[in-house]
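Reading through the structure tokens given below for one structure.
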Amino acid sequence: MRRQDERMPATGAGLIRYFKEEGHGIKISPKSVLIFTFAIIIFEIFLRIYGSALLGF
Numbered sequence: 037m038r039r040q041d042e043r044m045p046a047t048g049a050g051l052i053r054y055f056k057e058e059g060h061g062i063k064i065s066p067k068s069v070l071i072f073t074f075a076i077i078i079f080e081i082f083l084r085i086y087g088s089a090l091l092g093f
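Right under this line is the structure:
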């Protein structure tokens with residue numbers, strides 16, 4: 037293969053282009069996600085402590 041037939045690597049270095057348009061779907065704020073996550077964690081801790089008494093296991 038001759039030197040002039042070689043191709044240069046693609047430019048962009050892995051950069052991603054972001055567009056201002058938002059896609060369709062459910063919109064959830066980051067604050068809501070954090071609150072929901074902490075609620076699940078607290079519920080899990082509650083079940084670990086009181087679950088056997090409540091469920092009879």
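In my numbering, the protein residues as written are 37 to 93.
Just so you know, even glycine gets a beta-carbon here, dropped at the ideal spot from N, CA and C.
Legend entry - Backbone CA spacing between F74 and L90 [nearest angstrom]: Taken atom to atom, the span from the alpha-carbon of F74 to that of L90 is near 22 Å.
Legend entry - Three-state secondary structure assigned by DSSP to S65: The answer is coil: DSSP assigns S65 none of H, G, I, E or B.
Legend entry - Straight-line gap, G59 to I77 (C-alpha atoms, nearest Å): Near 30 Å, if we compare the C-alpha coordinates of I77 and G59.
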